[in-house]
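Novice:
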């Protein structure tokens with residue numbers, strides 16, 4: 185691996201563990217002497233971790249009700265125009281793979 189750009193392009197596969205052993209070794213070799221890429225990898229991992237935690241967070245019921253009411257009034261065709269939060273919860277659960285609470 186000769187270029188930082190290539191390192192960035194392979195990073196997702198590397199972190200997921202789907203990169204071939206040869207390519208992973210080349211990436212690790214590059215990381216051993218490239219401080220900017222090491223910083224990028226650390227930032228990338230931290231960002232992924234934050235995103236996972238953000239998706240796992242539950243929205244408080246009061247906020248869900250207020251948001252549903254607002255969207256129902258201001259977004260044409262929004263599924264819960266009468267303040268019913270069930271449609272919002274089902275959509276959110278489907279988007280994140282979680283079950284509706």
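Numbering (the numbering used here), first residue to last: 185 to 285. Here a beta-carbon is modelled for each residue, glycine too, at the ideal position from N, C-alpha and C.
1. Which of helix, strand or coil does DSSP assign to residue 244?
2. What does the alpha-carbon distance come out to for the pair residue 252 and residue 240?
3. Starting from the C-beta of residue 198, find all residues in its chain whose C-beta is less than 7 Å away, skip the five residues before and the five after it, and write them out in chain order.
4. Hey, how far is the Cα of residue 265 from the Cα of residue 246?
5. Quick one: Cα of residue 202 to Cα of residue 257, how far?
6. Since I believe residue 234 is in contact with residue 225 (beta carbons under 8 Å), could you give me their beta-carbon distance rounded to a whole number of angstroms?
7. Helix, strand or coil: how does DSSP classify residue 219 here?
8. Exposed or buried, which one is residue 191 when buried takes at least 16 other CB atoms within 10 Å?
9. If you draw a straight line from the alpha carbon of residue 260 to that of residue 254, how long is it in whole angstroms?
Specialist: Reading it off the structure:
1. Correct three-state label for residue 244: coil.
2. In a straight line, the C-alpha of residue 252 is about 20 Å away from that of residue 240.
3. Excluding positions up to five away in sequence, the list reads 208 and 211.
4. Any answer about residue 265 is weak, because its pLDDT of 45 lies below 50 and its placement is not dependable; what the coordinates show is given next. Each residue's Cα considered, the two are about 16 Å apart.
5. Taking C-alpha positions only, residue 202 is separated from residue 257 by approximately 46 Å.
6. Not quite, the Cβ-Cβ distance comes to about 15 Å (not below 8 Å), so this is no contact.
7. In the structure shown, residue 219 sits in a helix (DSSP, three-state: H, G or I).
8. Within a 10 Å sphere around the beta-carbon of residue 191 sit 16 or more other beta-carbons, which makes this residue buried.
9. One Cα belongs to residue 260, the other to residue 254, and the distance between them is close to 11 Å.
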